[in-house]
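Engineer: Structure below; questions to follow.
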Amino acid sequence: MTQSHLNLEPSELAYVPFVSVDNMMRNVRAIGVEKALRGIAKYIEQDFLRWESFDKKPRIPAHAPQGVIELMPTSDGKTFGFKYVNGHPENIRDGLQTVTGFGVLSDLRTGYPVLFTEMTILTALRTAANSALAAKYLAPKNSHTMAIIGNGAQSDFQCLAFKELLGITDIRAYDIDSSASIRLARNLADSGLNVTICKTPEDAIEGAQIITTVTADKRYATILTDNMVGSGVHINAIGGDCPGKTELHKDILLRSDIFVEYPEQTRIEGELQQLADDHPVTELWQVYAGKALGRTSEDQITLFDSVGFAIEDFAALRYVHDLLPLTGHFEKLDLLADPDDPRDLYGMLLRSASADDKAA
Ligand code: NAD
Numbered sequence: 596m597t598q599s600h601l602n603l604e605p606s607e608l609a610y611v612p613f614v615s616v617d618n619m620m621r622n623v624r625a626i627g628v629e630k631a632l633r634g635i636a637k638y639i640e641q642d643f644l645r646w647e648s649f650d651k652k653p654r655i656p657a658h659a660p661q662g663v664i665e666l667m668p669t670s671d672g673k674t675f676g677f678k679y680v681n682g683h684p685e686n687i688r689d690g691l692q693t694v695t696g697f698g699v700l701s702d703l704r705t706g707y708p709v710l711f712t713e714m715t716i717l718t719a720l721r722t723a724a725n726s727a728l729a730a731k732y733l734a735p736k737n738s739h740t741m742a743i744i745g746n747g748a749q750s751d752f753q754c755l756a757f758k759e760l761l762g763i764t765d766i767r768a769y770d771i772d773s774s775a776s777i778r779l780a781r782n783l784a785d786s787g788l789n790v791t792i793c794k795t796p797e798d799a800i801e802g803a804q805i806i807t808t809v810t811a812d813k814r815y816a817t818i819l820t821d822n823m824v825g826s827g828v829h830i831n832a833i834g835g836d837c838p839g840k841t842e843l844h845k846d847i848l849l850r851s852d853i854f855v856e857y858p859e860q861t862r863i864e865g866e867l868q869q870l871a872d873d874h875p876v877t878e879l880w881q882v883y884a885g886k887a888l889g890r891t892s893e894d895q896i897t898l899f900d901s902v903g904f905a906i907e908d909f910a911a912l913r914y915v916h917d918l919l920p921l922t923g924h925f926e927k928l929d930l931l932a933d934p935d936d937p938r939d940l941y942g943m944l945l946r947s948a949s950a951d952d953k954a955a
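Residue numbering for the sequence shown follows the numbering used here, beginning at 596 and increasing consecutively.
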C-alpha cells in the first residue's frame, strides 16, 4: 500500500490526485467489484441520510439531436463535487460508449481540487449500487430473480450489485441485439449468477420479482407495456433519464408507487415526464431516514424512477478519494500553478522559459 498525500491540506498539495481509466480498473480489481459496489452503496446511503445539508439543483444539460451533455454539481458546505456526463444512444453504432464521464471533488475552503477522476466506470458502479440500495427498501422480500432488459454497458454492474446487496441468484436477460445478451452472460459466467438469455421481454420478466430496464434510445420508448407487469414486482427503471427519453407505458406509472431521487430533476428527465406535475412521489432519502414508507404490501408495484442525481456522484467521488490511500492507484496531475510567491504567477512563467532554454 502506498501512502498518498490525500490527507494533506489542499494548500500543501503540489498536485491533484488523478485516476485514469486504467487506474480506476486497478482500484476496482484491488478491492473487488462486489466490495466496491457495497462500499459505494454505503457512501450513497450516508449522503442521502444527510440530504438536507446538500446544495441541490437539477443538472445542467446541453441537448443535441443525438444526445445530451450534463453537468452535475453539488456541495455539502465543506466539499464541492461535480460530474461531467453524456448520454448518446447512437454512439454505440460508431463503436463509442453511450455514457462517459469524469468528475472532480474540491475543498470549498480553498477552492482547490482534491480529486480528478474518470467517471465512466465509476458511473456504472454508482448507478448499480444506487439501484440495489433502493431495491433493498422497495423490492419484495426474498427476491431471487431479476429480469434485465437492455444488456449494454451498465447491465453487468446492475446484475452484480443486485447479487451482492439483495442476494439475487437468477438473471433473465433480454436485448433487441442478442449479441449484447450473449456478452452479458459470458461476462457473468463465473459470477455465481445463473443467466438465462431470453427471446422476448415477456419471456424475460417471467417469474422475476425485480425488473430492471436499462435500454438506450432517445425517444418515448415502451420497453414495458401495462399488461406485462403483474402485481408485487419492483421496477428499477434506469434508462429513461432525459427529456423525451422514457421506457415505461404511462399506465404502469399510474399503478405504481413511485420513488425518486430528487423530484425537481426527475419530473424533467424521468418516467415522471409522462404524468402531471403534482403526481405524488416519495423521495428515497426519506425512506432511508425512516420518514417515509418503502414497500408496504406484497401486491404493491414499486417503481424506482432513476435518473441519476449529483449526490450519488458526490458519494462515489468520496469513496474513490478514501480508497486511494489504500491502493495507491493514481497519478499526480500537475493541474495547479504553485509559484513560490502566489502573486508572482508571471514570474513563474518567465522562469520556466529560462529553465527550458537551459535544458535545450
Ligand atoms: P448501452 O448503449 O451500452 O446499452 C443499451 C442497450 O439497450 C443496448 O445493448 C441496446 O441494444 C439495448 N436496447 C435498446 N433498445 C432496446 C429495446 N427496445 N429493448 C431491449 N434492449 C434495447 O447503454 P448503457 O451505458 O448500458 O446505458 C443504458 C441506459 O441507462 C442509457 O439510456 C443511459 O442514459 C442510462 N443511464 C442511466 C443512469 C441513471 O443513473 N439512471 C446512469 C447511467 C446510464
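We treat Cβ as the ideally placed atom computed from N, Cα and C, and that holds for glycine.
Return the CA-CA distance between D872 and V611, expressed in angstroms with no decimal places.
Structural biologist: 43 Å
Engineer: Three-state secondary structure (DSSP) at E842?
Structural biologist: E842 falls in the strand class under three-state DSSP.
Engineer: Let me check understanding here. Comparing Cα to Cα, which of D952, L919, L944, A948 lies closest to N622?
Structural biologist: L919
Engineer: Write down every uninterrupted run of the beta strand (DSSP E) in the stretch 646-697 whose length is 3 residues or greater and which is fully enclosed by it, in chain order.
Structural biologist: Within the stretch 646-697, the runs of beta strand (DSSP E) at least 3 residues long that lie entirely inside it are, in chain order, 655-659, 662-670, 674-682.
Engineer: Which complete beta strand (DSSP E) runs does the stretch 817-880 hold, if anything under 3 residues is left out?
Structural biologist: 829-832, 841-843, 851-855
Engineer: May I ask you to check if the CB of H908 is nearer than 6 Å to at least one heavy atom of ligand 1?
Structural biologist: The sequence shown places Asp at residue 908, rather than the His named in the question. No, the Cβ of D908 stays beyond 6 Å of every heavy atom of ligand 1.
Engineer: Report yes if the C-beta of I687 is less than 6 Å from at least one heavy atom of ligand 1; otherwise report no.
Structural biologist: yes
Engineer: When DSSP labels each residue in this structure, what does K886 get in the three-state scheme?
Structural biologist: coil
Engineer: Using the Cα positions of P934 and D702, report the straight-line distance between them to the nearest angstrom.
Structural biologist: 20 Å
Engineer: Hey, quick one: how far does the beta strand (DSSP E) through T740 stretch, first residue to last?
Structural biologist: 740-744
Engineer: Based on the DSSP output, what are the partners of N789 in its beta bridges?
Structural biologist: D765
Engineer: Exposed or buried, what is T705 when buried is set at 16 or more other beta-carbons lying within 10 Å of its beta-carbon?
Structural biologist: exposed
Engineer: Any heavy atom of ligand 1 within a distance shorter than 6 Å of the CB on N831?
Structural biologist: Set against 6 Å, the gap from the CB of N831 to the closest heavy atom of ligand 1 is not smaller.
Engineer: With a Cβ-Cβ cutoff of 7 Å, do A719 and T922 count as a contact?
Structural biologist: no
Engineer: Take the Cβ of L564 as the centre, count every other Cβ of all protein chains shown within 10 Å, and call the residue buried at 16 or more, exposed below.
Structural biologist: Nothing can be reported for residue 564, as the shown portion of the chain is limited to 596 through 955.
Engineer: In whole angstroms, what is the alpha-carbon distance linking A723 and G825?
Structural biologist: Between A723 and G825, the C-alpha separation is close to 24 Å.
Engineer: Distance check for K731 and L761, CA to CA, integer angstroms please.
Structural biologist: If you take the alpha carbons of L761 and K731, they lie about 6 Å apart.
Engineer: Since T807 and I743 are thought to touch, with beta carbons under 8 Å apart, how far apart are those beta carbons, to the nearest angstrom?
Structural biologist: 5 Å
Engineer: Going by other Cβ atoms of all chains shown within 10 Å of its Cβ, with 16 needed for buried, is D929 buried or exposed?
Structural biologist: exposed
Engineer: Using only the alpha-carbon positions, how far apart do D812 and E665 sit?
Structural biologist: Straight-line Cα distance between these residues: approximately 17 Å.
Engineer: Taking the C-alpha atoms as reference points, what is the distance between H546 and G696?
Structural biologist: No answer is possible for residue 546: it lies beyond the span of the chain, which begins at 596 and ends at 955.
Engineer: Answer with yes or no whether the minimum CB distance from Q753 to chain B is below 7 Å.
Structural biologist: Absent here is chain B; the protein component of the structure consists of one chain.
Engineer: Buried or exposed for N746, please, with buried defined as at least 16 other CB atoms from any protein chain shown within 10 angstroms of its CB.
Structural biologist: By the C-beta density criterion, N746 is buried, having at least 16 other C-beta atoms within 10 angstroms.
Engineer: Within its chain, find whatever has a CB closer than 8 Å to the CB of R645; leave out the 5 residues flanking it on each side and keep chain order.
Structural biologist: So the qualifying residues of the chain are D671.
Engineer: On a CA-only basis, which of L728, D689, T693 is nearest N681? Give me that one, please.
Structural biologist: T693
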